[in-house]
Structure formats: C-alpha cells, structure tokens
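J.:
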Amino acid sequence: MASAAQARIAPRAEAAPLSANEVLLSPRASRSSTGKLSRRLRAVGVGALSIALWLALWQVASVEKWDVFFRFENIPAPTEVAAAFGELYRAPKFAAHVGNSVRRIFIGFSIASALAVGLGLLIGRFRLAAQSLFPPLEILRPIPAVAWIPVAILLFTSAEQSMVFITFIGAFFPILLSTIHGVEGVDRRLVYASLTLGAGPIDVFKEVILPGALPSIVTGLSIGMGTSWFSLVTAEMISGQFGIGYYTWEAYTLQQYPKIVLGMVTIGLLGMGSSFLVKWGGRRFMPWFQPDASAA
Amino acid sequence: MSQVIPKGTIALRDVDVHFGEGKTAVQALSGIDLQIEPGEFVSILGPSGCGKSTIIGALAGFTPITSGELRVDGERVSAPGPDRGVVFQQHTLFPWKTVAKNVEFGLKMRGVRQTERERQAREILTRMGLGEFLAHYPHQLSGGMQQRVNLARVLVNRPRVILMDEPFCSLDAQARLQMQELLLELWHDLHMTVVFVTHEVDEALFLSDRVVVLSQRPARIKSQIRVDLPRPRTRDLLTSPEFTGLKREMLDLLLGDPLVAKAS
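So the sequence lines, in the order shown, correspond to chains A and B. The numbering of the first sequence is the numbering used here, which starts it at -12 and goes up by one. The numbering of the second sequence is the numbering used here, which starts it at 6 and goes up by one.
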C-alpha cells in the first residue's frame, strides 16, 4: 500500500523509526581506547623499523664504500654521525646551537603566521586586496631564500634580524597560499545561511570565513613550519657563531663530514617535531574537524 | 504568542530572472505572477533544473531579479534577512559549531544575551526531539537529525516567511515522512508562510494548501492546484482516494497525457 514516492526510495534496512537510533556514534567514541593504543603502537613500530632499515642500509653502503651511481666513499656512516653527536651533545655549545635556531625559527614563523594569515584572509575575501596585493607577492614567491641573503643583510642592522627575516621568508608563502585557498574554499552555502540568519559582513567574516578557512590555515602553518626549517641553513650562513644551520654550513666549509650529516639530521628531527606540534595544536583547536569527511 | 498572527504576504509580479550575458545567458524564470497569503503553505513543483530554486533565491534575496517586482509584506526584497528564514537542502549547518550554537546563531546576530539564547535553543531543540544532542557537532548526527537542527535554527528566529529548497530530498522515506509531519505541526503552531520547493508530487500534496506547477526552463507557472484535503494531515492521508485522485491529476499536469507523451 505504499505510495509511489515511497516505493521509489528503497527503505534502508538498518534505518529504525526511533530517533534514538538515528545517532551515528562518532568514530572517536566507538573506537575502544585499547584498540586505538595498539594501533598507534603498531604505527610507531613500523615507522621505527623503517628508519632502522634505512640506517642499516646507509651503514653498509658507507662501510663498504658503495660506488653504484651514488658514491658513498666520503659519506660518513651512521656510527660516525652518532659519535659526532656524542661529542657535540656533551659540548656546551650544542644547547646554544639548537636554542638559537629554535628561537630564530619561532620568531620568524610567528611573524610570518600573523602576517600571512592576515593578508591571506584579506586577499581571499576582498577583490581589491586580491588585485592589489597578490601580483607583487606572486613575483616574490619564487625567489629562493638564498637569493634573499644580500637584501636581508642590507635591510636590517643586525645579523640576527637578517636571519629571522630569512626564516620568515621560508614560512610566509605556504601559509599565505593555504589561507587564501582556505578562504576561497569556504562553502558559499554557509555564507548564504549566515546571511539569512541576520549576519552582517563582520559576522560573516568572524563566524563563517575564519572558522571555515581554519583547517586549511592549520595545514599551511604546518607546511610553513617545515619550510621555515628548510631555510634555516640559508639563514644561518649569515651567522658567525651559533645555530644548527650555521653548524652544518661550517662543517661543510671545514669538510667535517659526520658533522654535516649530524646537522642535517638534527634539523630534520626538529622540523618534524615542530610541524607535528603545529598539527597537534590545530587538531586540539578544532574538535569538530573531520579530515576524512572533507576528503571524501 | 500564538494569538498574534504575524504577517507574511508574498507578492511576485511578472518576475523574470536571467543569468549570465551574451551567448551563455540563461533565462531561469519568465513572467512569474504569484500571490501568497499570510500563513499559507505553498509548494512549488516542477521538473529538475527548471528554476524552482531560483524562486527561493529571489525571495531570500540572493538572486537579483531581472525585471518585475518582488515584495514581502509590501517591502521590496533586496538582500537576505532574518525575516525570511531559508532551509537549504543539506550541509548548511556550521560544522564548527555545536547543535546548540548553530541554533543560537540567529539570536546571537540579533544581540540576544547568552543565557537567553541558550534557553531558547534548548527549548526548540527539545521540542524537536534533539534535547540530548545540544553539545554534538553536526557531523555526529544523521541526515534527518541535521535537517531538524536546520529547521530549528531557522524557526528559533520566528520568521514571517520560511523558504524551503527541497529540504528533505536527501533523506530516506521514513525520516522524510517524520520531518514532513513535524513541519506541519510546527507550521500550525507558529503561523508562518511557507514556500516549499520540491520535485516530489506526494510531498507537495501532503504538505500544501496550494501547489504551483512550473514548466520547463525558463520556468513559467503552468497551473495552480488548491489542495483542499482536511487538516491536520497524517500519514493515513497518503493512501486515501482523495489524495490519489489529486495525485493523478498532478502527474498528468507534470508529464502530460500518457498517449500524447508516447507519440512525441
């Protein structure tokens, strides 16, 4: 006796008429905490095993002095790097190297974040801002950090400021582009919905555009954190004393191969760690965000 | 509050809507004349892509009309406003706000105090069977529940007019029927004018006082059918002979005479 309209839609077998059954438990809630923990342990284990395998391969290649297209003759083995690490770690300089670098990255990244997010919101939202600000920024964007060194030295009175400026350049553009992308990607229907509920232009910006662009902004911050570390060696070429980038550069000029690799690995680890912190902070800040749902 | 009958008159006079220019120009609406009385429930029925939603867009104030005149309570519509609530198809809840905060949004825009906002949101959500989901995020709810929140978010502002653009089309049959019954109940209690766009004949007949049938694009009003089925309406109505008779009439209007259609 069902009407035509109902017959056309096949009733979902699992759909129960009770409203209580309509609730879809959030994936987070339905997962048992022990299952989650074992899954995470497994992921960490696989990752650690992968790194260990690569290290072993590297060790063999260096010790055996492989020469198949890549020449491993002068590449220090992981054991040599570890020895250099032991040496450096004990030296009081290590904390100064890392501390200086972290401070430069932190300042450069913070300024870049504030400026790039602000400009990105304007460019993404207002046509005049896009027309006036975007073209010059697009010209500056492809310029590599190294090319900025002379200008950085001329622009600022202290070497410290010049170095922070280079890390700023490294972080700025990914954050800017992600922010613009995020603003442009905000679902127009959400803007319409807010307007029909009485939102004014400032409300739309604050209540819809900003939170709507936030996932993309956080992605940009995470990438920008990485690219800021990317530019660290370049920045600290200006330095004469401290910084893990300077340490790497100096080791290169002095041909201290284990130290070069040690510098590289340290930068890699610090970069990974700080990118992870940004992502983690972002997820904390956006409990509503479902990366899987938006990808589907 | 139910003693005061709010206003909610809608008048469209010879409304045309064109999109684009030059070769890509499309005419969506052509010479729409429509008068809707306060408290009336009018469905707009037509084939997919005919321009039904354009009427909602124009009434809401998103879509500028090319010519003619469009007034709500005598005022020319020029921009979106909270006096005309819009319920969209789906995915228009703010994903970053909880259910309660979504519903509070309109009140917040009007500067209602936090405690009062929370009280009103809780009241209407409880009435709609969502009292236990105030702190949930939209993605944690089913499609049917999301649409109920959507409706609550609009109704909490007590709009004179509520515009609905195929709001239940993504729901399964059961959830849809539940929503239709809930909507009729709320409409009865809150005395508002409803303009309801749909491509489902059953839905249009079940809900409306009047069904406006549109032609293919550019949409013109093909005919209007008054639905004099008794109220309050329940699901039993769907299988009654009166309902089936009206439905046959409506299907003929929409699809044409079966013999003629076969010949063409």
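Heads up, the beta-carbon is just placed ideally off N, CA and C, and yes, glycines get one too. Note that the coordinates shown come from a computational prediction; the quantities given were computed from them, not determined experimentally.
1) Using a C-beta to C-beta distance shorter than 8 Å, which residues of chain A count as neighbours of R115 of chain B?
2) Is the stretch 174 to 192 of chain A touching the stretch 71 to 82 of chain A, taking contact as three or more C-beta pairs under 8 Å?
3) Relative to the C-alpha of L39 of chain B, which residue among B:Y142, B:H141, B:V104, B:I61 is closest?
4) Identify each residue in the stretch 93 to 104 of chain B for which the Cβ-Cβ distance to at least one residue of chain A is less than 7 Å, and report them in chain order.
5) With a floor of 3 residues, list each beta strand (DSSP E) that falls wholly inside the stretch 194 to 258 of chain B, ordered by position along the chain.
6) Under a three-way DSSP split, which group does L34 of chain B fall into?
7) Note the first and the last residue of the continuous beta strand (DSSP E) segment covering G90 of chain B.
8) By how many angstroms is the C-alpha of L164 of chain A removed from the C-alpha of R215 of chain B?
9) How close, in whole Å, do the beta carbons of L219 of chain A and I162 of chain A come, if the pair is a contact with beta carbons under 8 Å?
10) Kindly say whether E9 of chain A, judged by its beta-carbon, lies nearer than 9 Å to any beta-carbon of chain B.
11) Are the beta-carbon atoms of G136 of chain B and D177 of chain B separated by less than 9 Å?
12) How is the alpha helix (DSSP H) around H168 of chain A delimited, first residue to last?
13) Report the partner residues of A16 of chain B according to the DSSP bridge assignment.
14) Could you tell me whether the Cβ atoms of L259 of chain B and P52 of chain B are closer together than 9 Å?
15) Just reading off the alpha helix (DSSP H) that S88 of chain A is part of, what are its end residues?
16) Between W236 of chain A and chain B, is the shortest Cβ-Cβ distance under 9 Å, so that the two count as touching?
17) What residues from chain A crowd round A140 of chain B, counting only those whose CB sits closer than 9 Å?
18) Helix, strand or coil: which one does DSSP assign to H96 of chain B?
19) Does Q46 of chain A have its Cβ less than 9 Å from a Cβ in chain B?
20) Do V199 of chain B and I230 of chain B have their beta-carbon atoms positioned less than 9 Å apart in this structure?
21) Would A30 of chain A be called buried (16 or more neighbouring beta carbons within 10 Å of its own) or exposed?
22) Can you list, in chain order, the residues of its chain whose CB lies under 6 Å from that of Q95 of chain B, leaving out five sequence neighbours each side?
23) Quick check: the Cα distance between V161 of chain B and N107 of chain B, rounded to an integer number of angstroms?
24) Using 10 angstroms around the beta-carbon of W41 of chain A, count the other beta-carbons present and answer buried if the total reaches 16, otherwise exposed.
25) E288 of chain A CB to nearest chain B CB: under 9 Å?
26) CB L273 of chain A to CB W192 of chain B, shorter than 9 Å?
27) Go through its chain and collect everything with a Cβ distance to K252 of chain B's Cβ below 8 Å, but skip five positions before and after it.
28) Return yes when the Cβ of G13 of chain B is within less than 9 Å of the Cβ of R115 of chain B, no when it is not.
29) Consult DSSP for D54 of chain A and reduce its assignment to one of helix, strand or coil.
30) Between which two residues does the beta strand (DSSP E) containing G168 of chain B stretch?
31) Could you tell me whether the Cβ of G268 of chain A comes closer than 9 Å to any Cβ of chain B?
32) Take A30 of chain B as the anchor and find which of B:P235, B:Q179, B:T249, B:R222 has the nearest alpha-carbon.
T.: Here's the rundown:
1) G185
2) no
3) B:I61
4) F93, H96, T97, F99, P100, W101
5) 198 to 203, 215 to 219, 226 to 231
6) strand
7) 89 to 92
8) 51 Å
9) Not really, about 17 Å apart at Cβ, beyond 8 Å.
10) A caution first: E9 of chain A carries a pLDDT of 43, below 50, which makes its placement in the model unreliable, though a value can still be read off. Yes, E9 of chain A counts as interfacial toward chain B.
11) no
12) 146 to 171
13) B:Q40, B:R76
14) yes
15) 80 to 112
16) no
17) Those do not exist, as A140 of chain B stays about 11 Å from chain A at its closest Cβ, beyond 9 Å.
18) DSSP places H96 of chain B in coil when its eight states are reduced to three.
19) no
20) No, they are not a contact pair.
21) exposed
22) S175
23) 11 Å
24) exposed
25) Residue 288 of chain A lies beyond the residue range present for chain A, which begins at -12 and ends at 283; the question has no answer from this structure.
26) As written in the sequence, residue 273 of chain A is Met, which differs from the Leu given in the question. Not in contact: M273 of chain A and W192 of chain B (Cβ atoms no closer than 9 Å).
27) V206, D207, L210
28) no
29) strand
30) Reading the sequence as shown, one finds Leu at residue 168 of chain B and not Gly. Note, L168 of chain B: beta strand (DSSP E), 166 to 170.
31) So, not an interface residue.
32) B:R222
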